[in-house]
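Chemist:
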């Protein structure tokens with residue numbers, strides 16, 4: 378096994394735990410802000426959208442792109458010798 382797949386196997390569980398911890402922390406912080414009032418909850422929602430939402434979305438899109446690169450559904454170009462209508 379080369380170095381890159383071994384490193385990936387080590388980092389993927391750590392990354393998943395980090396994302397879960399980040400989401401749990403965001404839920405906890407939003408709950409505390411909601412107890413303070415509506416305006417604090419709305420401000421916290423904006424902050425959490427950028428602090429939690431963007432990193433999680435970035436990681437999810439990177440994972441989806443890596444998965445689709447290894448598992449293409451269809452090829453755009455037809456096989457050699459086939460006429461394109």
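In this note's numbering, the protein residues as written are 378 to 462.
Ideal Cβ positions, reconstructed from N, Cα and C, are used throughout, including at glycine.
1) Any idea what DSSP makes of residue 448, helix, strand or coil?
2) Would the stretch 438-449 count as touching the stretch 405-420 if we require 3 or more Cβ pairs under 8 Å?
3) Counting only the same chain and skipping the five closest in sequence on each side, list residues whose C-beta sits under 8 Å from that of residue 403.
4) Could you pull the start and end residues of the alpha helix (DSSP H) that residue 429 belongs to?
5) Taking 8 Å as the cut-off, decide whether the C-beta atoms of residue 392 and residue 438 are in contact.
6) Are residue 421 and residue 406 close, meaning C-beta to C-beta below 8 Å?
7) Report the option in 409, 423, 396 whose CA atom is closest to the CA atom of residue 432.
8) Between 408, 384, 410, 389, which lies nearest to residue 440 when the distance is taken from Cα to Cα?
Modeler: On the basis of the coordinates in this document:
1) As a first step, residue 448 is located in the chain shown; it is residue number 71 there, counting from the start. Residue 448 falls in the coil class under three-state DSSP.
2) no
3) By 1-based counting over the chain shown, the position of residue 403 is 26. Contacts found: 425, 428, 429.
4) Counted from its first residue, the chain shown places residue 429 at position 52. Neither: residue 429 is in no alpha helix (DSSP H) and is coded neither H nor E.
5) In the chain shown, residue 392 corresponds to position 15, counting from 1. In the chain shown, residue 438 corresponds to position 61, counting from 1. The answer is no: Cβ separation not under 8 Å.
6) Within the chain shown, numbered from 1, the residue matching residue 421 stands at position 44. Within the chain shown, numbered from 1, the residue matching residue 406 stands at position 29. Yes. Within cutoff.
7) As a working mapping, residue 432 is identified with position 55 in the chain shown. Comparing Cα positions, the closest option is 396.
8) Along the chain shown, read from residue 1 onward, the residue named residue 440 stands at position 63. Here the closest residue by C-alpha is 389.
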